[in-house]
Every structure is written in structure tokens, then in C-alpha cells.
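Here is the structure we will look at.
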Amino acid sequence: MSVCGDEDERSESSVSGRVSMKGDRSLILIPPDFSNEPEPANGGKKKTCVDLEQRRSGSSLGLDHRSQTSSHSFSQTEAGDLQEVLEGHKISLKRRCEYVTEGTNEAGSGTLLNKIYTELYITEGQSEEVDTQHEVRQLEITSKKNIQDTPIKCQDIFKVLSEQQRHIRVVLTNGVAGVGKTFSVQKFSLDWAEGLENQDISLVLPLSCRELNLIRDEQHSLLSLLHVFHPTLQKIRAEDLTVWKLLFIFDGLDESRFSLGFNNHQVISDVTQESSVGVLLVNLIQGNLLPSALIWITSRPAAAHQIPPSCVDRITEVRGFTDSQKEEYFRRRFSDEDLSKRIISHIKASRSLHIMCLIPVFCWITAIVLEDMMTRDQRGELPKTLTDLYSHFLRVQIKRKKQKYGGKQRPEELTEADKELLLKLGRLAFEHLEKGNIMFYSEDLEQCGLDVSEVLVYSGVCTEIFKREIVIFQKSVYCFVHLSIQEFLAAVYMFHRYTRKDTAVISQFLKYSKPNPFSWFAGLFIKYDPVTSVNNFLRRALMKSLESKNGHLDLFVRFLHGLSLESNQRILGGLLDQTENHPETIQKVLNNLKEVNSDEIPPFRSINIFHCLMEMKDQSVHQESQEFLKSGKRPANGLTAVHCSALADLLQMSEEVLDELDLQQYNTSDEGRRRLIPAVERSQCRWFRPLARMPQDVSLGGVSGMFIWQDPQGRPRLLKSGFSETHCEVVTSALKSNPSHLRVLDLSWNELQDSAVKLLCSGLQSKNCKLETLRLSSCRLSETSCDPLASALRSNPSHLRVLELNSNSLQDSGVKLLCGFLQDPLCKLETLRLSRCSLSEISCDSLASALRSNPSHLRVLELIENQLKDPGVKLLSGFLQDPLCKLETLRLKGSRMSEISCDPLGSALRSNPSHLRDLDLSLNNLQDSGVKQLCGFLQDPLCKLETLRLNYCRLSETSCDSLASVLRSNPSHLRELDLGLNHLKDPGVKQLCGFLRDPLCKLETLSLSSCSLSEISCDPLASALRSNPSHLRVLDLSYNSLQDSGVKQLCGFLQDPLCELETLSLSEISCDSLASALKSNPSHLRVLELRDNKLQDPGLKLLSDLVKSPTCKLETLRWLHSSQKPKPASLLKGQQVEQKPPAEKVLSQRKWWRTMKLAKLHLSSRDGLSWSCGTRLRGCRLSETSCDSLASALRSNPSHLRELDLSWNQLKDPGVKLLSDLVENPHYGLETLSQ
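Shown next, in the form of C-alpha cells:
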């Protein structure tokens, strides 16, 4: 690729001697509509790309010359004539490609391509998704992309790189405008013509789509097409084309104005058969016509995706200059080494300029401007923004025109004729930018009042801005040197129209559809007249650009904001009338940019708001965002939405791997979090969660699409789902990107619904997707989602390890569809969670069958709160007893099991006992007889169960006898035992103590909450724990009437030096004995929960003395008073456990949705909810007296306590101030205070 910075330029016709180094000037910015395809002619039947493999197997693709058989039919004279034709073609092709020009096409301005050519960075592979962002944005992202694709040299694009690849016949090369695609074509063609590379190819045949447009309405055969565009090949005959190895190069597919109908077209297999250009091209690509011919197509990304992937053997991407190649360009361009160093140094210092210099033509523009500014008396500041640079570029062209043609004015001054001409060019640029055109014809110029001769002869100011290409038949096509120059002149024109108060033009530009009364900008257009205020004019222009789906106005609106600065208006030398550039006006524009509400705008579009700020030279948001990423220091006014746009931009362009993107860690607004979503698309993010997940096994009610979650202070809040279908497009793009770094995707508790999941599935089935964990819990999905999800996972089954679909109404039909993925031999899923999915025993049949056919990978199966019943559990047991089953976690909580299920389940586990580690059968009516049947598995020597949960199972002391007996026989593995909410009573606990005192017992968690215990249980329990004190970490005895006497007995265990208890939960006690015991052994306890206690200030003072101890490491103190003590008997009257979500009850009783003051919502434990995310002393009848004690204690030992919740107490202002001072003091560790 050429180091001269011109845009990827299309070759001139065969009558031209040189090729201008102007760029990729696509006719269409928006992908062309190929839907209006011609009907098949003569009843021709379409051939598909799949048929091509059969053709290849019968065709020799390595023919360098005529086959031996064919050569016998020609005389030596004929052979000599053909050789002469080939040599003549090489000479002609060399003449066309060996020279390039920078800027103008004036005689003598050409430069040898080989002299300035620098190898471009071309890579194999690209993202599968269509990138609809502005090409400048694509370039910005590419600039920091961690490139893992295989680099390919231009001359090697048809060579097989590995043994696994098939023969390369069709190559598609993508790249943004001006990045160097056409220069790669020229270099390839020149090397072949000079005999240096690819000499196995008989003929290289470049065909510019720009030239092919001129005959799009004519009928041609492939042979006549070559005769027209390559006159030196007039003597070539049809039979010659069939036996030679040919390479057709179709340069600039994005510029084509002919349709490509791959699904419905006439089949052509004869090189003499006539048809349209589009039909000939499709048949060549599909291999119907000359199946042995090589095809190379270049295009900008938007149009490249119109060719079916099945027709392409290799996709390459031209990424422009690397950092070292940028420097090489400037060193080659300037002989003055000091000048080149200064220019390189300045470009590195400017983020925008350094990124844009990936494009060679931008390097050329930059070189022109900086050379001019650095070689004359430099007074002003060197350009750092794009608007700065392009304003100077236009000024330099004005100066050159004056120097060339002379004149009385100073070189920088514009004549009225110059102004008029430039504004007409601006009008042309603007009108065709809106239409999506960057190629123009004479009639387009005339419509804007431009005289062709005036543009190209009279006014030299346009020679390096506006360009004429002489193509075939001497017809002129016009374009700007680069799309960005068109966008800049369009902005100049529109801003000029604003300064002249041209209501008609501005209103036409800012026209909008009938406003939605619920839209974020409803009423805005009615209230303000955009012509009267630069602030409102720019705001309206920004809104229009944000509405664009492909961002085609993004750079234009950046330029528009930059032109509002007086400094840039001054550079343009009077071309723009001065506007109200008071500091207050500019500040108002900046404030508007920072306050724009973009709720209805796709999040990746909002990043351009941040770039508009940069064009206005406001660096504050950028600097504050950088500081936040480096140190976590929040901006003075908080993390605003525009900060989040800046963060998304910085994260996308970071070279570092972003292991985790959890949007809840960014303490900002919901809109701010939405603006951060694009960071997952192009950054190297491996773990993404847009909104907070609810804790596992928590089922909370919702109201009108609102969910309950906990804010960073641990307070329950109502949250409307903020992750929409539009945001799913961003995540889908991240899954399709090459390479895709995303490994964990957690979209739980977002109202995605089926339509968004269907969109997401297009990313999941991408060959680039390597996702390992997918969580979609509580996303309001139905069985409809399971079909696309199962299909996507089946097409790409080998990577996913965790699938979580909890709390969605998938039903049996949905799970049956998913089973197709589960039974795939390539499926290696390890965790499957389908809790609360409205499943019945029918699902168990499907699941058991699928898992039996592929049993060896699954490790976790969670089916909590589904109506599986006894028949369903029996079916699952068939999978569990499979010798290949290696399940480690089985959770069947609330599955409507009875004791009947325990027989088949116990039998299955006994037959395959060695793998299961976690068994949760809580909330099932197992009763004592059911537990007894399970004990056979528990006492098996091979049983290594570590967690057993039997909460709410209607057990009595009889079960304790069975459990204690089997656990004593196999005591060394169990780590967690949960028997809460069962009527165990004191005799039952006494029997369990035999297991607890066993020296081999290593139990770490024991939950006996609400088990009808009294102080009688405390003596045997304390005795057992004292005899084996070193393992237990969590002890929950809450909601039992232990009383102070019972707690006093437990204190013997707590004060044992070997006791390392970390979490203790108790109810209905005082603090005397407890505080004393904990003070003697304070170093291990981290969480203390004192539920249902009415201790008031004296009790708190005792605990405050404990906190003062230097060895106290207490982090969480919960002191909760509840008027609704759990009653297990009332929960288990029948087999089915009815649980009305407490949050729903609270909402219905208090009607909190009327106020919607989320920041002030607190759900107290007095309402039946206790939240375990913070330090809480809620509802404990405390006064400001307690604050004095607490503050004193925390000051004496400040480093451990992180959260303190004193809600629902009568603290009053003096008490709150004492504690608030601790939060503000950085010496103390307290981070959150709720009151």
C-alpha cells in the first residue's frame, strides 16, 4: 500500500496512463439495496455456491498456460500471436499501475508506486456482523484492537496458509474508505506485470466497479467485457479463457450501481453468452462461469456483506498503517529529518490525529497541513482536533491557489468568487451526504450551480479537495479526495446556512416525524426555533445524527460543533460569518452535550456525544474519565451519563484485557449504565453483567415490569429493566467479533423477552463465539425462546459450560427443545439451572433421556421450585444411576416431592455414590420415613457428600436419630448441614450432637433455625462443639427460644481459643454473656446477627465495648427485630408449599409504586424481609445515646467495619452526625451508613 496518504483509489480506465491516489469513493454510504434482482432469463436455473466444490474437483486450477492438448490445435503463428497479446497486456497494466499521484492529476505530478509503497497490514478474517457505525468510529476501534488474526502479504492472498484450508478461489477484501484497498490491487497487478510475483497466473484482469457502472444497462458477454475494458486483449478468444488460469479483480464493490442477485438470477456458463454486468459477476463468483478462475473483490464493509459467506473462500481486511508504518510514511515524505520527527511527535500527542493516520490519505492531509505550519512563522497552536486540521487544510489549499494564480489579496484571503465556489461545493457535499452518495456526475454539479470548467480550471482551490476521474469512454466522474473532506465541507455549508438564518434549508435538514408524546425529546422541537440560537441548532443537529442507524452524520455533526468555535471560524478566513461566540453561549452548548438524555438511542451511538465535546476542545470529561479508570476517583459532580460515554470509548480502545464489566460497579444513573454497554462489544471484555443479579433462590415479586433488587447500600429498590433489544444488538456484535473475548454473559433480571433472545442467538451460533457462561434468569422468556436458543447452541455446542435460565416460563415444551442441544455429543455443558421454569414431570422425561445419551459432563443440575412430583424425580433417578454420570450438585428444592421419591432417589445415589457433593431437597414433604431411605446413600463409604439441605421437610427428632447414625459412620466429608424450619426439638438436637463431637467431623456450617429448640438444647450442643471446636464457621440458631441461660452455656464454646466461628445468628437474648464470651475470643467473628431482639441502648453499649477491642474483626452486625416469626407448621400443611413473595405483599400493602422515590425505599425486617447485604441495626429502638457508644467503638478500632444500617431507629440529628463524621474520615473503613 502506498505510503502516500491518499484514499484507496480506483484505477483509471485503460486509456489513462496514471492512477490518481484518491480514495475509496463509494457511491453508496448505506449498503445498496440488492433486493430488486432480475428474473432468470431463458428459464435459467440458479446454481448455488455449494455446487462449486464439485466443479473444483473436476477443474485444474493450476494451469499457467494452455493445456498441452489444446496447444496442438494451434499453429506456431497463433501461439506467437497470443504470446504477443499477453506481453502487450502486461505492458499496458504496468503503465496503468506504476505511477500514482498525490493531490492533483496535473502533468508531471506522478510518483512511482514502488518508490513510496509501504506494505499494509492485511489480516485474514473479520467479524461476522455488519458494522453499522460510521467508518471513522470503526477506525478508532480498530486502532486499539488486539489483533490476533493472521497477517497476509498482499501477494499471498490466494496462497493456502495451512493444510486445513481448502483451495482459495474467491477472496473478499474489506476496509474503510481510503485505507488502501486499491493500492493493494495496484501493487499486486504491478508485481505480476513486472514478472515478480504470482507468475502461475496467466492473466490478471482488474475491473473497476466505478467503470462497470457506465455499462450497467447494456448487455455484454464476459469476452466482450474484457475487449471493452482491456483493448490489448482484442485477439483473445473464448477458448483461451477456458484453459488459462485467470484472476478477475473487481475493485470497489461498494461503488457499484448494478444489482447482485445471488438468489434469483440467470445461469451463465458460456463466456460468449450476453447478460448484464451484475449477472456476469454473480456467475463468476458462484463458479458457474469459468469455475477455475480466481476472483478478488474489494469493498468497504457496508457493501461487502451483500456477498453470501458460502461463496467466499477467504475474507481479508485492510487495516491501514501500523504505528511504525505511520512513522515510515512521514520519514519518506520529508527529507528534512527534524521536520518529520516534529510532525510524528505532534501526531502521537493528539489522540484523534494518531488514530486517523491509520488511513494513508489522512496522513497526506496531515502532512500538508503540518508541513505548512511548521515551515513558516508559526504563531498559532498546532491542530489537535479534526475540525482544526480540516480548517487548516482548506486554508492551505486557498493559499496554494493564490500562489499559483496570483491575485491582489493576501494568500490566505478568500475572494467572493472563492467563497461562492466553496459554498457550492459544500452544498453538493451536504446534499449527497444525506443521500449516501460520494460519486457525482456533471448533472449533479449543475444542480448545485457548479460549472465544471470553473471547478477544475478556474479555481485551483479545489484541485486537492474535489477530483475528476476520467473513466472509460472519457466520461467524467467527480468525487472528493476523501469522504471526510466531503463531510467537512458539508458542515461548513450547513453552518453557513445557520449564520445566514436560512430557515428553509435548516428546517429541511432538521425535519422530523410526528413526535411521540412519550419520547425524551417530545415538545423540544415545538418550543424552540433552531434558527435563533446556536445552542438549539447544534442540539437539534446532534439529535438528528443520533437517530441515524448507520451513523452517517456522526463526523459531520462533530465538525459542526467544532465550527462553532471562533478559533476555527477565524482559520477559514471569512468563509463563515461570525456567530454569538460569547463564553456563556459556548458553555451552554457544552452543558447541553453533557446533559443530553439518550434513553431511546442505541448506546453505541451516544459515544459521539463525547466526541463532539472533544471537537469543542473540552477535555474535562476525558480527563476525569481517565482518572476514574486509573484510580477509581469519581468526578466532583459524580459519574454522569457523558462520563459513561467517555468510559465506553476508553474501554473499547484499551489494549488491556478487561476481565470483568459489571455495570453495577459504576455508581451512576441507569442511562449511564446503558451508555457503558458498548464497552463489551470491542473491548477485550471476558465477563459482562449489565444490571444487578438477584441472589440465588430468592423469589421476589414484580409490579408492572418492575423488579426488586438491592442498591449498593444494600437497600431493596424497585428497578425497571434497562437492558433492551437494542442493547442486545451490541452484545450480539461482541459475540460475533473476531476474536470474541466474551466468556461470561449475565443478562439476568432484564426484561429481554423472546424477541431479544432471538437476536442474541445469532451471536451465540457464530463460529467466533466462545461463550462459556450464559445467564438469562428472570428475563420474562417463554417456551418460544427455547427454539432459537437450542438451535444456536446446537450449531456451536462445544464451548458453553454454564446455562442458567431460572425464573422463566419455559414450560415442558421449551425444555424439550433444549434437550436437542444437551444430547449433542459435542455438548460439554457442566451446569444447568432451570429453577422456577413452570416444569412438570414431563420435563424430567426429556431431561433424563438427553442426559443419559451424554452423561459425562454435567456437574450441576438445579430444578428448584418446579412441580416435578414423585414421577418426575423417579425419571431423573435413571440418569443419576448411570455409571458415566458425574453429577456433583443436585438441587430439587420445592419440587413437590414426598417420601415416595426418596426410594428411587436413594437407590440411584447408592448405585453411583462417589461424585455427588451437594444435595438440596428443602421445601419437600419428605418426612422422617423419606430421610430414612436416603440414609443408605449417606452411610456408603464411597459417599463424599459435603452439603445436605433438608429445610422445611416436616422432619422430627426421629430423622435426627437416622441422620446422626449414618453421619457417625461416614463423618469426614460433610461440611454443611441445614435442618432449619423442622420440628427437631431438644431430643433431636441431642442425638445430632453425637455426630458433632466425632473427632472426624469437619462440619463448617450448621443451621438449626426455627427448630423449636429451648435452652435445654444448648448444654449438649455446647459440649459437642467444645470437644471439636476448630472446624465450625457458621452457626444459625435464630428463631429458637434459647433465652439467656441457653446462650450462657453456648458461650463456653465461643470463648474456646480453638473456636474459629465467623458467623453467629441468635434470637431473643440479651448481650451480657455473649459480649463477655466474644470479648475473650474476638478475632474470628465476622458476622453477628441478633434477630428478634429488643435490646435498646444498654445492650448496644455492651456490644460497642466488644467492637472497641483491637483484636475484634467484626465486619457485619445485624440487629433485627421482627414481629413475624417463621412458623414451619403453617408452611407445611400439605405437600405443596405455598410461598407468597414477601416483597409483593409489602408492595400491595403499602402501595409504594405511587411514590416511586426509590432512593428512600427501605424494606424492614418487621415486614417479613431480612436482607443480608449489610451491617444492620434496624428497628431496635435505638436513640442518639447508642450513636455515641458506636462512634466511640468504631474510632477505637476503625479498620474492619464496612457497612452500618441504623434504619427505623430514633437517632435524631446529633447521633447521626457522630456516625457521619466516621464515614467522611478516610482513616476509618466504614463505607456505607444507612439511617
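Take the sequence shown: its position 311, counted from the start at 1, is 311 in the UniProt record's numbering, and no numbers get skipped. Ideal placement from N, C-alpha and C gives every residue a C-beta, glycine not left out. Everything numeric in this text was worked out from a predicted model, so none of it was measured.
Chain-order list of residues whose beta-carbon lies under 8 Å from that of residue i (same chain, five-residue window excluded)
| i | result |
| --- | --- |
| ARG975 | GLU946, THR947, LYS1002, LEU1003, GLU1004 and THR1005 |
| SER922 | LYS893, GLY894, ARG949, LEU950, ASN951, TYR952, CYS953 and ASP978 |
| SER127 | The predicted model places SER127 with a pLDDT of 45, which falls under 50 and marks its position as unreliable, so this point remains unresolved. |
| SER762 | THR732, LYS736 and ALA792 |
| ALA1075 | LEU1102, LEU1103, ASP1105 and LEU1106 |
| LYS419 | GLY574 and LEU575 |
For residue i, the first and last residue of its enclosing beta strand (DSSP E)
| i | result |
| --- | --- |
| PRO206 | 203 to 208 |
| TRP296 | 294 to 299 |
| ASP920 | 918 to 920 |
| PHE480 | 476 to 480 |
| SER620 | Per DSSP, SER620 belongs to no beta strand (DSSP E); it is in the alpha helix (DSSP H), 620 to 631. |
Cβ shell of residue i (< 7 Å), same chain only, five flanking positions each side left out
| i | result |
| --- | --- |
| ALA848 | LEU875, LEU876, GLY878 and PHE879 |
| ARG1154 | Note that ARG1154 has pLDDT 27, beneath the 50 cutoff, so the model's placement of it is unreliable and the number below is only indicative. Around ARG1154: no qualifying Cβ. |
| SER1080 | GLN1055 |
| GLY449 | LYS424 |
8 Å contact criterion, which residue i and residue j should meet: CB distance rounded
| i | j | result |
| --- | --- | --- |
| VAL731 | LEU760 | 7 Å |
| LEU984 | LEU1008 | 7 Å |
| LEU839 | ASP812 | 6 Å |
| LEU1085 | LEU1114 | 6 Å |
| ASN970 | ASP998 | Wrong, their Cβ atoms sit about 10 Å apart, outside the cutoff. |
| LEU510 | LEU538 | Not quite, the Cβ-Cβ distance comes to about 11 Å (not below 8 Å), so this is no contact. |
| LEU826 | SER798 | 5 Å |
| PRO931 | THR889 | According to the sequence shown, residue 931 is Val rather than Pro. Their Cβ separation, rounded to whole angstroms, is 20 Å, which puts VAL931 and THR889 out of contact at 8 Å. |
| ASP928 | SER959 | 5 Å |
| ARG904 | CYS885 | According to the sequence provided, residue 904 is Pro. The question's Arg does not apply to it. The Cβ separation is near 14 Å, so there is no contact. |
6 Å Cβ shell around residue i - same chain, five flanking residues per side excluded
| i | result |
| --- | --- |
| GLU1089 | SER1065 and ARG1118 |
| LEU553 | SER545 |
| ASN283 | ILE268 and LEU289 |
| residue 1292 | Residue 1292 is absent from the model: the chain starts at 1 and stops at 1235. |
| SER901 | ASP870 and VAL873 |
| MET356 | PHE362 |
| VAL596 | ILE609 |
| SER777 | SER748, GLU804, ASN806 and SER807 |
Element boundaries [alpha helix (DSSP H), containing residue i]
| i | result |
| --- | --- |
| GLU446 | 442 to 447 |
| LEU992 | 985 to 996 |
| TYR1039 | From DSSP, TYR1039 is part of no alpha helix (DSSP H); its letter is neither H nor E. |
| PHE488 | 483 to 499 |
| VAL534 | 534 to 547 |
| SER1080 | 1072 to 1080 |
| SER567 | 566 to 571 |
| THR503 | 503 to 509 |
| ARG333 | 323 to 333 |
| VAL557 | 554 to 562 |
Ignoring anything shorter than 3 residues or poking outside the region 738 to 774, list the beta strand (DSSP E) runs there in chain order. Runs of the beta strand (DSSP E) lying entirely within the region 738 to 774, each at least 3 residues long, are 744 to 746 in chain order.
So, do the region 830 to 838 and the region 799 to 817 have three or more beta carbon pairs nearer to each other than 8 Å? Verdict: yes, contact present.
Would you check if there are 3 or more beta carbon pairs closer than 8 Å linking the region 1007 to 1027 to the region 1044 to 1064? These segments touch.
Hey, which unbroken runs of the alpha helix (DSSP H) at 4 residues or more fall wholly within the region 338 to 363? Segments of the alpha helix (DSSP H) lying fully in the region 338 to 363: 351 to 356.
Can you list the alpha helix (DSSP H) stretches of 4 or more residues lying completely in the region 796 to 841, in chain order? Fully enclosed alpha helix (DSSP H) runs of 4 or longer: 811 to 822.
Contiguous beta strand (DSSP E) assignments of at least 3 residues, all confined to the UniProt domain "NACHT" (169 to 303): Within the UniProt domain "NACHT" (169 to 303), the complete beta strand (DSSP E) runs of at least 3 residues are 170 to 174, 203 to 208, 246 to 251 and 294 to 299.
State whether the region 297 to 304 contacts the region 167 to 185, with contact taken as three or more CB pairs (one from each stretch) at a distance under 8 Å. Verdict: yes, contact present.
The region 605 to 612 in contact with the region 429 to 445 per 3-pair CB rule at 8 Å: Two segments are said to touch when three or more pairs of C-beta atoms, one from each, lie closer than 8 Å; by this definition the region 605 to 612 does not touch the region 429 to 445.
Check whether the region 586 to 598 touches the region 533 to 547, taking contact to mean three or more Cβ pairs, one atom from each stretch, closer than 8 Å. Taking one beta carbon from each stretch, the region 586 to 598 and the region 533 to 547 have 3 or more pairs nearer than 8 Å; the two touch.
Start-end ranges of the beta strand (DSSP E) lying completely within the region 941 to 1025, minimum 3 residues: The qualifying runs are 947 to 949, 976 to 978 and 1005 to 1007.
For the 8 Å Cβ check, are there 3 or more pairs between the region 200 to 210 and the region 248 to 263? Short answer: they touch.
Taking one C-beta from the region 319 to 337 and one from the region 183 to 203 each time, how about it: are there three or more such pairs within less than 8 Å? Judged by Cβ distances under 8 Å, the region 319 to 337 makes no contact with the region 183 to 203, as fewer than three pairs qualify.
Restricting to runs no shorter than 3 residues, where is the beta strand (DSSP E) found entirely within the region 861 to 934? Listed in chain order, the beta strand (DSSP E) runs fully inside the region 861 to 934 are 889 to 891 and 918 to 920, counting runs of at least 3 residues.
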